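Each protein sequence line maps, in turn, to chains A and B. Each residue of the first sequence is one higher than the last, beginning at 276 in the numbering used here. Each residue of the second sequence is one higher than the last, beginning at 4 in the numbering used here. Glycine is no exception: its CB is placed at the ideal position from the N, C-alpha and C atoms. Quantities reported herein were computed from a predicted structural model and do not represent experimental measurements. For reference, the structure is listed below as structure tokens.
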Amino acid sequence: EAQVTQNPRYLITVTGKKLTVTCSQNMNHEYMSWYRQDPGLGLRQIYYSMNVEVTDKGDVPEGYKVSRKEKRNFPLILESPSPNQTSLYFCASSSYLEYNEQFFGPGTRLTVL
Amino acid sequence: AQSVSQHNHHVILSEAASLELGCNYSYGGTVNLFWYVQYPGQHLQLLLKYFSGDPLVKGIKGFEAEFIKSKFSFNLRKPSVQWSDTAEYFCAVTPPDMGRRALTFGSGTRLQVQP
Chain A
276 EAQVTQNPRY LITVTGKKLT VTCSQNMNHE YMSWYRQDPG LGLRQIYYSM NVEVTDKGDV
336 PEGYKVSRKE KRNFPLILES PSPNQTSLYF CASSSYLEYN EQFFGPGTRL TVL
Chain B
4 AQSVSQHNHH VILSEAASLE LGCNYSYGGT VNLFWYVQYP GQHLQLLLKY FSGDPLVKGI
64 KGFEAEFIKS KFSFNLRKPS VQWSDTAEYF CAVTPPDMGR RALTFGSGTR LQVQP
């Protein structure tokens, strides 16, 4: 089954404790992206990757890092989480053939205390 | 900056009522347009998309949307809603180039259908 998976689905952590949210897709997509969803703001892009070893900032990159060492994986790293990073995070992927039609993962609800 | 406006934040309808959710975008060039739906506790799913051609596009589950270029609008419609349509609906736009491809989302419309 074609899908985007994220882990963990739920995470409660404390300020300053480094964490990683994993994202993996099995569709051989070149493009992957991270969004955060906040009430009243819709989804905003954090980082994106056009292909392996190619990443760039989205609209709200502060406080986040990403890496793209393999085509299927695109982890989101919070080196020192803060309460304003409490949010619902979605990973998405798409191919060049169907560019702009992005497939979303199930979401990760993160709470930073 | 590119932006997307969804006029209704919360809509409550009875089953069998007709639905129209507004979406306007501000972007000077050609855009690709999308409607996504998020059912309670689930991830976003694509309802329909417009890239070019016929401005009236049909999607899954009986939804359709009309692209009106002169009004910068892409409103979502359904003639008769069901209780199972209760969800949050997001309009999104992106330029069709091979660049960043970020979807710019509206703030969402929460639809509640009462049986």
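When 9 angstroms is used as the limit between beta carbons, F365/A is near these residues of chain B: H46, L47, in chain order.
Taking every protein chain shown into account, the CB of Q45/B has fewer than 16 other CB atoms within 10 angstroms, so this residue is exposed.
Inclusion of L351/A and C366/A in the CB contact set at 9 angstroms is warranted, their separation being smaller than that value.
With respect to the 9 angstroms criterion, R113/B and E23/B are not classified as neighbours on the basis of their beta carbons.
For N359/A, the three-state secondary structure derived from DSSP is helix. The distance from the Cβ of E69/B to that of P82/B is about 13 angstroms, inconsistent with a contact at the 8 angstroms cut-off.
The Cβ of S110/B sits closer than 9 angstroms to at least one Cβ of chain A.
Under the 10 Å beta carbon count, M302/A is surrounded by fewer than 16 other beta carbons and is classified as exposed. At a cut-off of 3 residues, the continuous stretches assigned as beta strand (DSSP E) that sit fully inside the stretch 23 to 95 of chain B are 27 to 29, 35 to 41, 47 to 53, 59 to 61, 67 to 71, 76 to 81. One finds S308, Q320, Y323, G333, D334 in chain A with Cβ atoms closer than 8 angstroms to the Cβ of A105/B, taken in chain order.
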